[in-house]
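In the working numbering, the protein residues as written are 154 to 739.
For each residue, glycine too, the CB sits at the ideal point set by N, CA and C.
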Amino acid sequence: MAMEEKTQLVKLCIAAACESKHSVDQWRKQKRTLERLPSHLAEALLHSLLSRRLLYPSLLEIFKDTVEKVDLRDHNYVDGEWMAYIGAFKYLSSLKVADCTKLNNSALWAISGMNSLKELDLSRCSKVNDAGFSHVLSISSLEKLSVSKTGLTAKGLKHIYLLRNLIVLDLGGLPVNDMTLNSIKGLTKLQYLDLWGSEVSDKGVCVLQVLPSLSFLNLTWTNVRKLPNLSSLECLNMSNCTIESLLKGNGDKAPLTRLVISGATFIDDSEAFMHTEMSFLSYLDLSNSSLSTFCFLPRLNMLEHLNLSSTMVGDDEVEEFASIGENLRYLNLSKTKVSNIGIEILTGHTPKLEILSLSDTSIDDIAISYISLMPCLKEIDLSNTNIKGLIYQDGGPEMDPILSLEALQRLKNLKKLNLEGTQVRDSALSSVSSLIELTHLSLRDASLTDISLSYISSLTKLTNLSIHDAVLTSSGLNSYQTPASLKLMDVMGCWLLTKDDIVSFCKTHPHIEVRHEHVHVIPSDQSCLNHRSSPSRATQFRRENIRKMPISPCFVDQRLKYTREELLGLQQFASLSPTPPPRDGD
């Protein structure tokens, strides 16, 4: 039997075992054992039962001899009873119970001393505090531990050095101080340390220099201003910090490959990176930072990801870093001073660029011709720009405008296009209909009408369609030829659509998730739309006659003549109108 056939057979068996509560009860009565079931199949069965809400504490017992990994994250009904059964698992190596808010200190007693356990995630289990952490300290085999946003204090963490095998430690959101870092220095195998939102200082982080393998450090939202040289560090996050200097000190320079300093305030731009080796950087996020000089960018020849959104970058700075665009795959220039000139400068320098964000910049349709020369683009965000989709020629009104979006046809890999908040109208969308590889399209404009849907109908690979604040009608929505691939349709702000319009559309297209102010329908909710009282024969007859009535192709929804405010006023007036008097003979 081919491997694919075996895989399919296994999936069918698991699906049958988890089909319903009745099917679970059936094989439970047969006293089936899972002792010889491979661990990965036992785990697949367990998590399938969990996703279908068919898993309960006592059922966990049959998995105790096979399952090695249990993921119960976000299931807030998990409590001490669940942990009591999990504590009997003989080969458990990974337990993730993040956001299981019912777990408390006593629940952790069940896993104390479980020396097969290598990974434990207790993140955001707020009832777990110092008393419960004493049970965790007895699990000497732990290599990965996450206790962010729990009830632990610096006092409870002072004995963390007992977990000498730790490689990953997440203490984010805890009142960790310099005393705690003195305990951490005994964890010589540590490679990943998360201290976001803690109370550590410049003096405390100096202790981290004794950790020979530390490669990841997160100091977001801390008071650390001067980070000493950490010779093994590869990934650093100091977002929302006030920074004086980075990695200043003697010895081999840290081979940074990833640096995130979003929202950081720099005391001195020239001093900040003076001691930092940045030639290995492949990922750099400077978004929302106070940085005003970018003279260091031309040195970053290995850069693949560059986020400069909401910074002081302009066309001059683009000219500085255009020379390093050869390896760039992601570039975010949103909310910067970049104009058409800056985009023209990039042309020919970014042959591998896949994602480009230019939202909230001053670019217009001229920039599209330059963007179309970036051959590998897959995602483009042009939201809240001056894009119209049309370029009017100098020959006068008798000259047909150029459809600027047609230039995007050159981008054979383009999958996602965001035109929200632009000035693109129905007439300009005719050129979008030729972008046949699009899977995601986002539009938002009060002038878009049902005509836009007729153009979009030709995009047969769409999975996500967003049309906000448009003047869509029930007729336009029902006439939209939805592609078989469409999974999500977001029509928030389309104020002419009623709840009944959305429900009717969902009944016709039960596989599509629809979002609107009046109703949010996801595919799993579709069945409830049909559980209404059956209409009478008279009602059915009227509906059939309505469907058979010919509709003029020139039909115009009369509500289009009014503004939103005028329509709301008319609705209010109608609700206040007195009941009409009875007619003669009534």
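(request) Could you have a look at E188 and say whether DSSP puts it in helix, strand or coil? (result) coil
(message) Based on DSSP bridge pairs, tell me the residues matched to V363.
(response) V363 is not bridged to any residue.
(request) Could you tell me which uninterrupted beta strand (DSSP E) segments, each at least 3 residues in length, are contained entirely in the stretch 576-656, listed from first to last along the chain? (result) 593-597, 617-621 and 641-643
(request) Can you say whether K311 is buried or exposed, counting buried as having 16 or more other CB atoms within 10 angstroms of its CB? (result) exposed
(request) Please go through the stretch 239-286 and give each complete beta strand (DSSP E) segment of 3 or more residues, from N-terminal end onward. (result) 247-249 and 272-274
(message) Measuring straight from C-alpha to C-alpha, what distance separates K490 and D469?
(response) 10 Å
(message) Can you give me the C-alpha to C-alpha distance between D323 and S415, rounded to a whole angstrom?
(response) 20 Å
(request) Please go through the same chain and pick out, in chain order, the residues whose beta-carbon is closer than 6 Å to the beta-carbon of S619, but skip the five residues on each side of it. (result) S595 and D643
(message) For T446, which residues in the same chain have their Cβ closer than 6 Å to its Cβ, ignoring the five residues on either side in sequence?
(response) D422
(request) Could you spell out the range, first to last residue, of the beta strand (DSSP E) harbouring S299? (result) K297 to S299
(message) Can you tell me whether Y145 is helix, strand or coil according to DSSP?
(response) No answer is possible for residue 145: the residues shown for the chain start at 154 and end at 739.
(message) Rounded to whole angstroms, what is the Cα-Cα separation between P191 and I264?
(response) 23 Å
(message) Given this structure, state the Cα-to-Cα distance separating V300 from K342, to the nearest angstrom.
(response) 18 Å
(message) On the CB-based measure, 16 or more other CB atoms within 10 Å of its CB, does H671 come out buried or exposed?
(response) exposed
(request) To the nearest angstrom, report how far apart A168 and V667 are at their CA atoms. (result) 28 Å
(request) Whole angstroms is fine: what's the gap from E221's alpha carbon to H458's? (result) 36 Å
(message) Using only CA atoms, which one of T613, I516 and N566 lies nearest to L572?
(response) I516
(request) Kindly give me the distance between the Cβ atoms of H200 and D224, rounded to whole angstroms, as I take these residues to be in contact under 8 Å. (result) 7 Å
(message) Do K271 and S294 have their beta-carbon atoms positioned less than 8 Å apart in this structure?
(response) yes
(message) So the candidates are E188, R189 and R205; which of them puts its Cα closest to the Cα of A170?
(response) R205
(request) State the Cα-Cα distance for the pair K338 and L361, rounded to the nearest angstrom. (result) 6 Å
(request) Determine which residues share a DSSP beta bridge with L370 and list them. (result) L346 and L389
(request) Determine the DSSP secondary structure at H288, reduced to helix, strand or coil. (result) helix
(message) Suppose you measure from the CA of I524 to the CA of L444; what does that come to, to the nearest Å?
(response) 27 Å
(message) For a minimum of 3 consecutive residues, which ranges assigned as the beta strand (DSSP E) are wholly contained in the stretch 380-454?
(response) 388-390, 398-401, 411-413 and 436-438
(request) Determine the burial state of W180: buried for a count of at least 16 other Cβ atoms within 10 Å of its Cβ, exposed for fewer. (result) exposed
(request) Quick one: residues in its chain with C-beta nearer than 8 Å to the C-beta of L208, no 5 flanking neighbours on either side, listed in chain order? (result) L199 and L202
(request) Could you tell me which residues DSSP puts in a beta bridge with E532? (result) I508 and K569
(request) Give the secondary structure of Y314 by DSSP, where H, G and I count as helix, E and B as strand, and everything else as coil. (result) helix
(message) K614 and L567 - do their beta-carbons sit closer together than 8 Å?
(response) no
(message) If you follow the alpha helix (DSSP H) that V471 is in, where does it begin and where does it stop?
(response) D468 to F474
(message) Residues in the same chain with beta-carbon distance under 6 Å from N617, minus the five sequence neighbours each way, listed in chain order, please.
(response) H593 and L641
(message) Distance check for L298 and I762, CA to CA, integer angstroms please.
(response) The first residue shown for the chain is 154 and the last is 739, placing residue 762 beyond what the model contains.
(request) Determine the direct distance from the alpha carbon of S246 to that of N258, and round the result to whole angstroms. (result) 21 Å
(message) Tell me whether T602, by its Cβ, gets closer than 7 Å to a heavy atom of the ligand GTP.
(response) This structure lacks the ligand GTP, and indeed carries no ligand of any kind.
(request) In the DSSP assignment, find the unbroken alpha helix (DSSP H) run with V358 in it and report its ends. (result) D355 to V358
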